[in-house]
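If you read the sequence shown in my numbering, its first letter stands for residue 28, the second for the next number, and so on. For reference, the structure is listed below as structure tokens.
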Amino acid sequence: MDNRNVVVCDNGTVYVKCGFAGENFPTCVFPCVVGRPMLWYEESLTEQHIKDIVVGEACADLRHQLDISYPVNNGIVENWDDMGHVWDHAFFNELKVQTMFEKYNFAGIFIQIQAVLTLYAQGLLTGLVIDSGDGVTDVVPVVDGYSFPHLAKQIMLLAGTLHPTLYAMNRNADFETVREIKEKLCYISYDYKREYQLGLETTILVKNYTLPDGRVIKVGTERFQAPEALFTPELIDLEGDGMADMVFRCIQEMDINNRMMLYQHIVLSGGSTMYPGLPSRLEKEILDWYLEVVLKGNKDGLKKLRLHIGDPPRRKHMVYLGGAVLAGIMKDAPGFWISREDYMEEGIACLSKKSFAMENCNGSAFELMVMQGEPTLVVPAEETEKARNILEMPPLVAQVTRFKCGGFVLGLGMNHCMFDGLGAMEFVNSWGETARGLPITVKPFLDRSILKARSLPKIGYPHHEFAEIEDMSNTKELYKEEMQYRSFCFKPEMLQNLKKKALEDGVLEKCSVFEALSAFVWSARTEALRLQPEQQTKLLFAVDGRAKFDPPLPSGYFGNGVVLTNSLCQAGELLGKPLSFAVGLVQGAIRMVTDDYMRSAVDYFEVTRARPSLACTLLITTWSRLSFHTTDFGWGEPVLSGPVALPEKEVTLFLSHGKERKSINVLLGLPASAMTIFQELMQI
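Quick look at the structure:
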């Protein structure tokens, strides 16, 4: 079945979202509102003509001339005649399809619980869904695709009573104005009492809003007082729990074996969850409840609570997105749908019968999508090792691996011919910004001709980075041993001790963390490999040349703006002298990188097409200044970021680590016997 033949419709209190199976966005989103011309307007109209029934966006332009009706109230269809007009508009005018049985001649339909669809949109089967629309907020627990309606919580917040001082409403049409004010200006306060006091003592919270008639009103404390009813319903004379209270009670009433999983997967859905500040306020109040009721005031126990509130950027359309995912997967499964034949034979009874059947198979049916990686995981770009030249290497390979817990891993294989580490970081972060619907912060500069070789090559420096070194120590034999890969964490105090050690003999006036750590690792690795004293050993590392070129490369340069620099000495000299000697070699290699040197390197490569020689060489690459750890695709920052593997046995990677990124992890691989020695040398 073609995806275009499967229509997905989310009928909300405020908006109708509809489209087709498999789509990432609704094809159309329009207000769930129906208008009819007022009698006195009809009598006064001359040239202008208004239709008998006006639906959706058209009501906004004519709202003062229309009697407005909202077919859906608090998530429930109350006016089926007007709902029919809304569907007519959706299916005939918006989607352009002339396809529920008697009126629309659908071949089949399927109705699913909104909370379950919200989790489907996140690739989850278990979680707690907070679905907050214009008039009602539902908190629904779902485990393995099954909802628990008897444990669900609900609070009714009528649109016109959220806050009576937000705007003096004298006609039904003014609901639209109030709704627009709420969407543009309102927010959730982290601390209501402090925010209220701030509003009384200052005017910092006051914002202007222009009404449809041109008048300008000032909105101050109402900005946070109106949505505060979500957390404190008594402010608008409603009895019941607020959002955080409902979430806590709902989870605690679940089976104890499911509670932690629900705390870890709280998902926001619906337009009213878009208020700025809502996730952080919700998290604070849930933690307060958990600390008071479960932990009895023991704050140490909070460390074991892995509370996570998912606030995906497209949460306003989460139900639709989940429906599109489900419909796309099940479009070719006839037993999944309530068919027209079933309806004509059994009538409305077929709905409850099919719903019961699907409830029993729902979890296992959808699990096929979540677990589609079984029984084996595909390795990204596994065939690239067979490539004979660079043209057979894909520029970029991406793979997403989902886990049953709801987490996922994004694996990337990126061709170094496209960009260096900084370019890769900017690309991935821009990808995240695009996924969140944000403009790209760093626009790519694509003109690579600024780094082309000169028409008359001028090689003015010896480029030892490409020079061959004779392996006098027979390291090839050593590398026949099993390779072991380890990570060593250098905390800030350890890094400062290395700097002090490098400066203690007075030879150097200063050194950086990178210089001290590079020198230390180079020396330790040389000793671990047991190189002969007369063995030449080389240190290679990349220097970002963007600021060193004359003129500097433009911001966002999308290419390779780094150059390899090097230090060369005998192993005996490196190990027999103090750390300051090795640090001095590193500093000399950095000073060597100038505009002339880099232009010479470009010309050298153009003439020779040489590749760096790695015999008896250590190549250090550092990610300590690359912010892959801040990449956000809409689910927040990653738990972990780093390489899947090291590209060569000679490569060592420096990776920033820790909450403040002040520690450095050193990742490298060595033959087993050499790794034993290296581990001992790391005990500083």
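In this text, a Cβ means the ideal position worked out from N, Cα and C, and glycines have one as well.
Keeping to the same chain, check which residues put their C-beta closer than 6 Å to that of residue i; ignore five residues upstream and five downstream.
i	result
L322	G328
P698	L505, Y506, E508
M183	N101, V163
F568	I647
W316	F275
S500	L558, Q559, Q562
L439	A425
F515	V693, M709
Taking the continuous beta strand (DSSP E) assigned at residue i, which residues delimit it?
i	result
S651	Counting along the chain, S651 falls outside any beta strand (DSSP E), and DSSP gives it neither H nor E.
T164	163–170
N51	Where N51 is concerned, there is no enclosing beta strand (DSSP E), given that its DSSP letter is neither H nor E.
V548	Looking at the DSSP string, V548 is not in any beta strand (DSSP E); the run it does join, the alpha helix (DSSP H), is 540–555.
G440	435–441
L155	154–159
H684	678–684
F517	510–517
A117	Careful: A117 lies outside any beta strand (DSSP E) and carries neither H nor E.
V613	That residue, V613, is in no beta strand (DSSP E); its alpha helix (DSSP H) goes 606–618.
R429	423–429
M420	Element bounds for M420: n/a, residue is neither H nor E.
L353	Note, L353: premise wrong, no beta strand (DSSP E); alpha helix (DSSP H) at 345–357.
V693	690–698
Got a sec? Which residues, its chain only, sit under 7 Å from residue i by beta carbon, not counting five neighbours each side?
i	result
Q710	none
K528	L606
D622	K575, F576, D577
Q563	I496, L595, Q597, C643
A48	N30, V33, V35, A351, A354, G355, K358
K245	V233, N235
A628	H490, V590
G487	D623, S627
What are the start and end residues of the alpha helix (DSSP H) that includes residue i?
i	result
Y236	Run containing Y236: none in the alpha helix (DSSP H); it sits in the beta strand (DSSP E), 234–237.
A462	448–462
Q252	249–252
M273	270–279
S296	From DSSP, S296 is part of no alpha helix (DSSP H) but of the beta strand (DSSP E) over 293–296.
V246	Here V246 belongs to no alpha helix (DSSP H); instead the beta strand (DSSP E) covers 243–246.
D630	622–635
Relative to the C-alpha of residue i, which residue among the options is closest?
i	options	result
V243	F517, F251, K234	K234
V34	I496, A546, K358, M521	K358
Y219	A253, V205, E207	A253
N38	G154, V56, F52, E50	V56
D498	H491, L558, P471, G440	L558
P489	V678, D115, S594, N284	S594
K479	F632, V143, T502	F632
W662	L580, L437, V469	L437
Q181	G160, L708, G172, R429	G160
R552	L708, W458, E207	L708
K686	R475, P665, V678, G615	P665
D532	K470, R481, F608	F608
T712	F517, Y347, I365, S500	In the structure as shown, the chain starts at 28 and stops at 711, and residue 712 therefore has no counterpart that could be examined.
I467	L473, D474, S457, R475	S457
Q426	V671, C45, E677	V671
E675	L580, S683, Y512	Y512
P339	V41, F258, G150	G150
S582	V693, G450, G464, D369	G450
S1	E453, G572, T229, L295	Nothing about residue 1 can be read from this structure; the chain reaches only from 28 to 711.
State the beta-bridge partners of residue i as determined by DSSP.
i	result
C36	C45
K565	L595, T644
M287	Paired residues: none, contrary to the question.
F472	Y584
L93	P64
M110	BP columns for M110 are empty, so no partner.
K180	V166
S668	Note: S668 sits in no beta bridge, so no partner.
Determine, using beta carbons only, whether residue i comes closer than 8 Å to chain E.
i	result
Y302	Going by chain labels, chain E is absent from the structure shown, which holds only one protein chain.
Counting only the same chain and skipping the five closest in sequence on each side, list residues whose C-beta sits under 8 Å from that of residue i.
i	result
E280	L178
L535	A529, S607, V610, G611, Q614
V320	F275, Q279
A117	C36, V43, C45, C55, F57
Stretch-stretch touch, CB-based, cutoff 8 Å, three pairs: the stretch 440–454 with the stretch 581–594: yes
Hey, is the stretch 342–360 in contact with the stretch 134–147, meaning 3+ C-beta pairs nearer than 8 Å? yes
Cβ contact check for the stretch 329–346 and the stretch 143–157: 3 or more pairs under 8 Å: yes
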